[in-house]
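When we follow our numbering, the leftmost residue of the sequence shown carries the number 31, and every step to the right adds one. Idealized CB from N, CA, C, for every residue including glycine. Bear in mind that the values here come from a model prediction, so they are computed numbers and not experimental data. Here the structure is laid out as C-alpha cells; the discussion comes afterwards.
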Amino acid sequence: MPKLKPVPAEKLIKVILKLGFRKARQKGSHISFEHEDGRTIVIPFHKNKPVKVGLLNQMIKRELKISREEFFKML
C-alpha cells in the first residue's frame, strides 16, 4: 500500500462526489457534503494548499468509511 501523502482539495472533492455525496453548502473556505445515508463531511478548500495527511486519514476512516486502498484507486 502506498504511503498517504497530502492531496489537493480538488482531487478529494472528486472522490467524495464519486462516493455519492452531494454538495450541501459552503461557508467561507469550507465546503460541506452530505450523503443520502446521513453522513456529512467538511472539506477545507484553500487555494493551492493540499489537505494534510492527518485530516485526510481521519476523513477516509470516519466519514468516507472506505479503506485506504479503495481511496487510492479512486484518485
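Can you give me the C-alpha to C-alpha distance between residue i and residue j, rounded to a whole angstrom?
| i | j | result |
| --- | --- | --- |
| Q56 | L47 | 15 Å |
| E100 | L42 | 13 Å |
| E66 | I90 | 18 Å |
| N78 | G68 | 30 Å |
From what residue to what residue does the beta strand (DSSP E) around residue i run?
| i | result |
| --- | --- |
| F63 | H60 to E64 |
| R92 | Per DSSP, R92 belongs to no beta strand (DSSP E) and is neither H nor E. |
| K57 | R52 to K57 |
| V72 | T70 to P74 |
Of the choices the options, whose alpha-carbon is the least far from that of residue i?
| i | options | result |
| --- | --- | --- |
| P74 | L85, D67, E64 and H65 | L85 |
| K33 | L49, R98 and R69 | R98 |
Where do the N-terminal and C-terminal ends of the alpha helix (DSSP H) with residue i fall, by residue?
| i | result |
| --- | --- |
| V37 | That residue, V37, is in no alpha helix (DSSP H); it is neither H nor E in DSSP. |
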